[in-house]
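Written out below as structure tokens is the structure these notes cover.
Number of protein chains: 2
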Amino acid sequence: MKLYTYFRSSAAFRVRIALNLKGLAYEPVFVHLAKGEHRRPEYASVNPQALVPTLVLDDGTRLNQSLAIIEYLDDAVPQKPLVPKDRLARARVRSLSYLVASEIHPLNNLRTLQHLKRALGQSEEQIATWYRHWIADGLAKLEAELADNKGKFCHGDAPTMADCCLVPQIFNARRYDSDLAPYPATMRVFDACMKLEAFDRAQPAKQPDAE
Amino acid sequence: MKLYTYFRSSAAFRVRIALNLKGLAYEPVFVHLAKGEHRRPEYASVNPQALVPTLVLDDGTRLNQSLAIIEYLDDAVPQKPLVPKDRLARARVRSLSYLVASEIHPLNNLRTLQHLKRALGQSEEQIATWYRHWIADGLAKLEAELADNKGKFCHGDAPTMADCCLVPQIFNARRYDSDLAPYPATMRVFDACMKLEAFDRAQPAKQPDAE
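Protein chains in written order, with the numbering used here: chain C, 53 to 263; chain V, 53 to 263.
This is the structure:
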């Protein structure tokens, strides 16, 4: 398998974790988002959405959207499930995943920040304030969801898709110096994840394209 | 079942369509987002994420996040699948769903627009420009994905979760007078959906709380 990835992309980071948790090897192909390489015509034929990540299966099939890729991997390799088998547990893991992937991340990804700068003329400081606003808004919701969490991870004592989403989000929050003290339940899960080699090895600084 | 809903919420609209497609009756409970009713303490006990929709099952179990609810309904009621059974088809339907739910909608939902106004001091006209920018960005991606579409709907000749996402997004685009001419493949699917009673009956103007 080939994974089109960028060290700092949260969405690619989620998939790198999932591949590591499943024990699946992949060949990385680097797409430099900050240089706009995802908008080149040759990448449009790889991913019509012009986004990272794209997973290319050995038969050439291309999959995109990080959570669709993770669900695919879970369908294809049922060992160590990333989405539990129980119907209500599945709904919960997906809900926590979407909370990060739909309510926080889109407001803070690179193209949103670039648009705030270029089209709205926001300063670096105003952009950082925007960033931290959505981190605080979203992590408060996640903390409320995890308040009664009895497990080591977001759902139970084994990592799931929700943890694949939570960890990159905390990396982003730290990069923008967000105050994480109000989210102890969330940070407990983060710390548990980072003790696992699958999460640690997937982090931005440990990628070959890290700057 | 009870559905906490708001007529204009795209996420609630998606779930209303899915419930209709599955032939499942529900009792609506109205949460007026524009009045901030989702931020009231009593709603926090219903949905820790303080978002609409929430689906309450007959045994009192509460589910949130629209796509997690739709996947749950599909797990619980396998007839008329909203996510196909084939592994690659599942990945595609999910990818198209997330393209709408994670790449377009979060940038244009009510709390984002309110923040642009209140925190960034953007005018109504500037906000409308922002709105249309993300519609154009996202629908161009969706159109690229649907360019070779042979089916009546986003994936094949029966509606799926992707269609539950596409239709509310087009309603939003029209509300902000976006130019939809560049997206003929997308609009063909939209028109096919709107011929179905399940989609038509779920639209904002036909809800009891419509204004």
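We treat Cβ as the ideally placed atom computed from N, Cα and C, and that holds for glycine.
Predicted model only: the values in this text are computed from it and were never measured.
Separation of residue j from residue i, as counted between CA atoms
i	j	result
C:Ser147	V:Ala120	5 Å
V:Pro256	V:Ala141	30 Å
C:Leu191	V:Glu79	31 Å
V:Asp189	C:Ala199	37 Å
C:Leu103	V:Val81	37 Å
V:Asp111	V:Gln131	22 Å
C:Ser118	V:Val152	14 Å
C:Cys245	C:His207	12 Å
V:Leu172	C:Ala70	37 Å
V:Leu168	C:Pro133	40 Å
C:Asn116	C:Thr106	5 Å
C:Ala225	C:Glu94	32 Å
C:Val67	C:Met213	9 Å
V:Val108	C:Lys137	21 Å
C:Thr164	C:Gln174	11 Å
C:Val145	C:Val135	7 Å
V:Lys247	V:Asp229	22 Å
C:Asn72	C:Met53	13 Å
V:Gln101	V:Arg92	12 Å
C:Glu177	C:Arg170	14 Å
C:Arg139	V:Ser61	25 Å
C:Ala86	V:Ala86	36 Å
C:Ala233	V:Ala233	48 Å
Closest residue to residue i among the options (Cα-Cα distance)
i	options	result
V:Tyr58	V:Gly88, V:Leu76, V:Gly75 and V:Asn72	V:Gly88
V:Asp231	V:Leu165, V:Tyr183, V:Arg163 and V:Leu172	V:Tyr183
V:Ala63	V:Gly203, V:Tyr235, V:Val241 and V:Val219	V:Val219
V:Asn268	V:Thr238, V:Gln117, V:Leu73 and V:Arg68	Residue 268 of chain V cannot be examined here, being either before or after the span of chain V that is shown, 53 to 263.
C:Asp215	C:Ser149, C:Arg163, C:His167 and C:Glu263	C:Ser149
V:Leu162	V:Cys217, V:Arg139 and V:His90	V:His90
V:Leu76	V:Met246, V:Leu55 and V:Pro236	V:Leu55
V:Asn99	V:Met246, V:Arg114 and V:Ile69	V:Arg114
C:Ala96	V:Asp126, V:Arg92 and V:Ala196	V:Ala196
V:Pro211	V:Tyr235, V:Gln178, V:Phe251 and V:Thr181	V:Phe251
C:Arg253	C:Arg92, C:Glu123 and C:Phe65	C:Phe65
V:Arg227	V:Ala180, V:Pro234, V:Lys247 and V:Tyr235	V:Ala180
V:Ala128	C:Ala128, C:Ala143 and C:Ile122	C:Ala143
C:Phe205	C:Gln166, C:Glu123, C:Arg240 and C:Ala86	C:Arg240
Beta-bridge pairing of residue i - partner residues as DSSP gives them
i	result
V:Leu107	V:Leu55 and V:Leu115
C:Pro130	Paired residue(s): none; C:Pro130 is not in a bridge.
V:Val81	V:Tyr56
Contact set for residue i: own chain, Cβ-Cβ below 7 Å, skip 5 residues either direction
i	result
V:Trp186	Ile156, Leu159 and Asn160
C:Asp209	Gly203
C:Phe242	Leu218, Val219 and Ile222
C:His84	Tyr58
C:Ile122	Arg66, Val67, Ala70, Leu134, Met213 and Cys216
Neighbourhood of residue i by C-beta distance below 6 Å, restricted to the same chain and skipping five residues each side
i	result
V:Asp261	Phe59 and Phe82
V:Gln259	Phe59
C:Leu125	Ala70 and Lys74
Residues near residue i in its chain [Cβ-Cβ closer than 8 Å; skip 5 each side]
i	result
C:Lys193	Leu151 and Glu155
C:Glu249	Asn72
V:Tyr235	Leu191, Ala192, Leu194 and Glu195
V:Gln166	none
V:Glu263	Phe59
Residue i: contacting residues in chain A (beta-carbon distance under 7 Å)
i	result
C:Gln117	Here chain A cannot be found, since the structure's protein chains are C and V.
- prompt: Which runs of the beta strand (DSSP E) spanning at least 3 residues fall entirely within the segment 223–248 of chain C, listed in chain order?
  reply: none
- request: Could you tell me which uninterrupted alpha helix (DSSP H) segments, each at least 4 residues in length, are contained entirely in the segment 127–168 of chain C, listed from first to last along the chain?
  value: 139–150 and 157–160
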